[in-house]
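K.L.:
Protein sequence lines correspond, in order, to chains A and B. When we follow my numbering, the leftmost residue of the first sequence carries the number 295, and every step to the right adds one. When we follow my numbering, the leftmost residue of the second sequence carries the number 295, and every step to the right adds one. First the structure, which I've put down as structure tokens, then a few questions once you've had a look.
2 protein chains.
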Amino acid sequence: MPPRQLNPAERLDWLRLIRSENVGPVTFYQLLRRFGSASAALEKLPELANRGGRRAPLTLFPRAQAERELADLAKVGATLLAWGEPDYPPALAAVDDAPPLLAVRGDPALLGRRAIAVVGARNASANGRRLARDMASELGRNGFVVTSGLARGIDAAAHLGALASGTIAVLAGGVDVVYPPENQELYEAIVEHGAVIAEQPVGKLPRPRDFPRRNRIISGLSLGILVVEAAARSGSLITARFALDQGREVFAVPGSPLDPRCRGANDLIRHGATLTESVDDIIPQLPGGMIEEARTRPAPPVTPSWAPSPPETVGEPRDSARGQIIERLGRTPVAVDELVRQCHVSPAMVVTVLLELELAGRLERHPGNQVSLL
Amino acid sequence: MPPRQLNPAERLDWLRLIRSENVGPVTFYQLLRRFGSASAALEKLPELANRGGRRAPLTLFPRAQAERELADLAKVGATLLAWGEPDYPPALAAVDDAPPLLAVRGDPALLGRRAIAVVGARNASANGRRLARDMASELGRNGFVVTSGLARGIDAAAHLGALASGTIAVLAGGVDVVYPPENQELYEAIVEHGAVIAEQPVGKLPRPRDFPRRNRIISGLSLGILVVEAAARSGSLITARFALDQGREVFAVPGSPLDPRCRGANDLIRHGATLTESVDDIIPQLPGGMIEEARTRPAPPVTPSWAPSPPETVGEPRDSARGQIIERLGRTPVAVDELVRQCHVSPAMVVTVLLELELAGRLERHPGNQVSLL
């Protein structure tokens, strides 16, 4: 599918669809593939949710609210990039649950360059911050854009180090919501010299669950992620986990076992991440790791399986098929492929039944194309 | 070969043979295998050296000097253990260049127990020392003896941590020569509670080249070695290299890239050593890693290929064979196996020619059964 710009009506429909209840990115692309357009999908949504077992009618995201969101975006100087548009980050586009729409402030040209994420502890040590800043600068000198999450500590140090060469901050709330507030100045500097992106609506404060979702965008934008200091069970490890699921390289800076802030990074190394003392440990490990390539190589063409047209022709699932699939679902995540193998119905039919269940609010999606009942 | 004690005459001959010019451990065992006894080998030594191209006659180590060494050992309260004797450390016995004779002060029973080496930087940080001491104690609690080199820093901390549970110091000079002198008290404590061993003659000050040779004994005694802090190109890395050549596990404690003392340990991890934050990272990796086994399992029977009897019957090499072999030798180390493959003479003949060259002072042996001309 060649990159193309959405027209204003399509953009509004995309926004209404992704903001509608129980529609996540994976569902969004499935609906697009199934019905050919966001507008057609919106029409079918209530019926699908109903077939999935939903009692109360599903309310679509109101057109007026979507129009207000677009106006608010314009007010804060942000643009909305749709998946498939020329500026949409190519590495992120290859991810299953890439945001269908990304709000951007700053220079969208940065999104097309090869990027490395640098993430780590908020309560980082002085040494950890120094390492993050120095390595981010060095990555910049080698032609890489540095992505991170604008958090305290390692994230802020990484953005600072790469401010001159190119850095992208991915926010968990709206593209205009600076969190933590102490990073307001850094935020302004990134808007001026780099780029800030977000998938949540303008003005939206981040909820706790938005941070891990944001982390999948940080890793998705990047060829690899570098974890500088990370405690056990920290957000940086979630980003590393996403990176692995997305087929990206994971790098970690080792540290003393006496420092609990290093435990997560050491653990990553123990489980296969590349032990990293300088960018010399990173660059040769990247796909096409040459510096010149990093500067000049165009992104690979992206043609994922859910490219939105033409619409698929899938019959309406029979109740027997639906029953078979639901019977095999439980609270423990199961791979969709496994469901297809076990139920004697077509893959497209399984996808449709899962879609209905999700729209009815009965299904949860997990990394690795797994699903569970709620 | 069942363990047996040497009689006093044999012990004296062993000592004379290993102390004779150009006789290293590998040559020692080859001579024993070839001639059946140290006494027979001593008789043949001058002739072999002569055939290897030596001009000046080779002087054997004088009987009187060997007797004096035995008397000196008794004076400092040390005993001399021969390879194959019941107290000889079983893990070390399996190493190609195990010392034929080991001087021991302290409790020789420790030598039969499963051991882990803990080694590292002399200029270790306070944190590094603490880690070494704590992990040595913890290894002791789990039934392991801790071996090290009585150096400043990590070595001393490791010995201290395992003083109560069992520790072995391996010295580079004579078994009575404390180096560095500041560790005199620690030395005395180890003699009292643990064991001190050495392969060099009593009273001999260590030369620089004795330290790497000593390190092969530290790793050879041990199922695995733990490197706590080690700069690039440090002695601890030599010990790790020996450990790998000897088929032992290598463990390393990670540290900040900003601390040059951690660079060597980090590099070991990068090249496959187990990242180690606590003994929980060590014990499961050891052969038969169960704790109870560590306490009770007897050593595996050792029957290396150079078991000293019966004598081999190898003809005297023809000059053509000798010429062929020498032609393929140079200053770059070459594997003995490769020589055997390339020259059309028997392996035993190649070994004999190399033996002659070594006794003539023209050959150097390297790890991995490699040799080069001097």
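All C-beta atoms in this analysis are idealised placements derived from N, C-alpha and C, irrespective of residue type, glycine included.
Quick one: which chain B residues come within Cβ less than 7 Å of Ser-550 (chain A)?
P.N.:
Within 7 Å Cβ-Cβ: Asn-421, Gly-549, Ser-550.
K.L.:
Put Gln-299 (chain B) into one of helix, strand or coil per three-state DSSP.
P.N.:
DSSP places Gln-299 (chain B) in coil when its eight states are reduced to three.
K.L.:
Restricting to runs no shorter than 4 residues, where is the alpha helix (DSSP H) found entirely within the stretch 390-435 of chain B?
P.N.:
Whole alpha helix (DSSP H) segments, 4+ residues: 420-435.
K.L.:
Among B:Ala-343, B:Gly-468, B:Ala-526, whose alpha-carbon lies nearest the alpha-carbon of Thr-321 (chain B)?
P.N.:
Selected option, being the one with the closest Cα: B:Ala-343.
K.L.:
Whose CA, out of B:Leu-520, B:Asp-391, B:Glu-571, lies closest to the CA of Gly-549 (chain A)?
P.N.:
The residue with the shortest Cα to Cα distance from Gly-549 (chain A) is B:Glu-571.
K.L.:
Using the Cα positions of Arg-487 (chain B) and Pro-384 (chain B), report the straight-line distance between them to the nearest angstrom.
P.N.:
Reading off the sequence shown, one finds His at residue 487 (chain B), where the question assumed Arg. Approximately 21 Å, taken between the alpha carbons.
K.L.:
Would you list the residues sitting across from Ala-489 (chain B) in a DSSP beta bridge?
P.N.:
B:Gly-400, B:Ile-462, per the DSSP bridge assignment.
K.L.:
Consult DSSP for His-660 (chain A) and reduce its assignment to one of helix, strand or coil.
P.N.:
His-660 (chain A) falls in the strand class under three-state DSSP.
K.L.:
Label Glu-337 (chain B) either buried or exposed according to how many other C-beta atoms from any shown protein chain fall within 10 Å of its C-beta, with 16 as the threshold for buried.
P.N.:
So Glu-337 (chain B) counts as exposed.
K.L.:
Could you pull out every residue in the same chain whose Cβ sits closer than 6 Å to the Cβ of Gln-579 (chain A), ignoring the five residues on either side in sequence?
P.N.:
The answer, listed in chain order, is Glu-543, Thr-568.
K.L.:
With a 10 Å radius around its C-beta and 16 neighbouring C-beta atoms as the bar for buried, classify Arg-508 (chain A) as buried or exposed.
P.N.:
Buried: at least 16 other Cβ atoms inside 10 Å.
K.L.:
For Arg-427 (chain A), which residues from the same chain have a beta carbon less than 6 Å from its beta carbon, with the 5 sequence-adjacent residues on both sides left out?
P.N.:
Excluding positions up to five away in sequence, the list reads Ala-451, Leu-454, Gly-455.
K.L.:
Mind listing, in chain order, the continuous alpha helix (DSSP H) runs of no fewer than 4 residues lying wholly within the stretch 517-547 of chain B?
P.N.:
Qualifying alpha helix (DSSP H) stretches, in chain order: 529-539.
K.L.:
From which residue to which residue does the beta strand (DSSP E) around Ser-442 (chain A) run?
P.N.:
Residues 439-442.
K.L.:
Would you report the Cα separation of Val-639 (chain A) and Asp-613 (chain A), rounded to the nearest angstrom?
P.N.:
Straight-line Cα distance between these residues: approximately 12 Å.
K.L.:
For Arg-555 (chain A) versus Ala-403 (chain A), is the C-beta spacing smaller than 8 Å?
P.N.:
Not a contact, by the Cβ cut-off of 8 Å.
K.L.:
Taking the DSSP output, what are the residues bridged to Leu-515 (chain A)?
P.N.:
Paired residue(s): none; Leu-515 (chain A) is not in a bridge.
K.L.:
Would you call the stretch 524-543 of chain B and the stretch 492-499 of chain B in contact, with 3 or more CB pairs under 8 Å?
P.N.:
Too few Cβ pairs lie closer than 8 Å, so no.
K.L.:
Identify, in the order they occur along the chain, each residue of the same chain with its Cβ nearer than 7 Å to the Cβ of Arg-423 (chain A), setting aside the five sequence neighbours on each side.
P.N.:
Here the set comprises Gly-447, Ile-448, Ala-451.
K.L.:
Mind listing the chain A neighbours of Leu-425 (chain B)? Cutoff is C-beta to C-beta under 9 Å, in chain order.
P.N.:
Near Leu-425 (chain B) (Cβ distances below 9 Å), the residues of chain A are Ser-550, Pro-551, Leu-552.
K.L.:
Note down, in chain order, each residue of its chain lying with its Cβ closer than 7 Å to the Cβ of Pro-592 (chain B), except the 5 sequence neighbours on either side.
P.N.:
Note that Pro-592 (chain B) has pLDDT 38, beneath the 50 cutoff, so the model's placement of it is unreliable and the number below is only indicative. Excluding positions up to five away in sequence, the list is empty.
K.L.:
Specify the secondary structure class of Leu-480 (chain B) as computed by DSSP and reduced to three states.
P.N.:
If DSSP states are grouped into helix, strand and coil, Leu-480 (chain B) belongs with the helices.
K.L.:
Taking Ile-491 (chain A) as the reference, which of A:Gly-378, A:Val-547, A:Val-317, A:Gly-468 has the closest Cα?
P.N.:
The shortest C-alpha separation from Ile-491 (chain A) is found at A:Gly-468.
K.L.:
State the Cα-Cα distance for the pair Phe-438 (chain B) and Pro-581 (chain B), rounded to the nearest angstrom.
P.N.:
Rounded to whole angstroms, Phe-438 (chain B) to Pro-581 (chain B) spans 13 Å at the Cα level.
K.L.:
Quick one: using the 10 Å Cβ neighbour count with 16 as the cut-off for buried, is Asn-301 (chain B) buried or exposed?
P.N.:
Answer is exposed; the Cβ neighbour count stays below 16.
K.L.:
For Leu-515 (chain A), tell me which candidate among A:Ala-335, A:Leu-562, A:Val-440, A:Arg-564 has the shortest Cα-Cα distance.
P.N.:
Out of A:Ala-335, A:Leu-562, A:Val-440, A:Arg-564, A:Val-440 has the C-alpha closest to the C-alpha of Leu-515 (chain A).
K.L.:
Among A:Gly-617, A:Leu-367, A:Leu-375, A:Gly-624, which has the Cα closest to the Cα of Gln-347 (chain A)?
P.N.:
Here residue 347 (chain A) turns out to be Gly, not Gln, going by the sequence shown. Answer by Cα proximity: A:Gly-617.
K.L.:
Residues of chain A with CB closer than 8 Å to the CB of Glu-543 (chain B), please, in chain order.
P.N.:
Simply none; closest approach about 15 Å.
K.L.:
Please report the straight-line C-alpha distance between Val-596 (chain B) and Leu-517 (chain B), rounded to a whole angstrom.
P.N.:
For Val-596 (chain B), the pLDDT reaches just 37, beneath the cut-off of 50, and the residue's location in the model is therefore unreliable, although a value from the coordinates is still provided. Whole-angstrom Cα-Cα distance: 15 Å.
K.L.:
Out of B:Asp-575, B:Phe-545, B:Pro-551, point me to the one whose CA is closest to Gly-566 (chain B)'s CA.
P.N.:
Answer by Cα proximity: B:Phe-545.
K.L.:
Locate the beta strand (DSSP E) running through Ala-376 (chain B), then write down its first and last residues.
P.N.:
First-last of the beta strand (DSSP E) with Ala-376 (chain B): 373-376.
K.L.:
Inspect the beta-carbon positions of Ala-463 (chain A) and Leu-433 (chain A) and report whether they are closer than 8 Å.
P.N.:
No; because the gap between Cβ atoms is not below 8 Å, this pair is not in contact.
K.L.:
Find the residues of chain B that neighbour Glu-571 (chain A), judging by a C-beta separation of less than 8 Å, and give them in chain order.
P.N.:
By Cβ distance, chain B contributes Pro-551, Arg-557, Asn-560.
K.L.:
Closer than 8 Å, CB to CB, is Ile-563 (chain A) near chain B or not?
P.N.:
Closer than 8 Å to some Cβ of chain B, the Cβ of Ile-563 (chain A) qualifies, so yes.
K.L.:
What residues match up with Leu-667 (chain A) in a beta bridge as DSSP calls it?
P.N.:
DSSP lists A:Leu-657 as partners of Leu-667 (chain A).
K.L.:
Measure the beta-carbon distance from Ser-442 (chain B) to Val-413 (chain B) and round it to whole angstroms, keeping in mind my assumption that it falls under 8 Å.
P.N.:
The pair is a contact, with the Cβ atoms about 6 Å apart (cut-off 8 Å).
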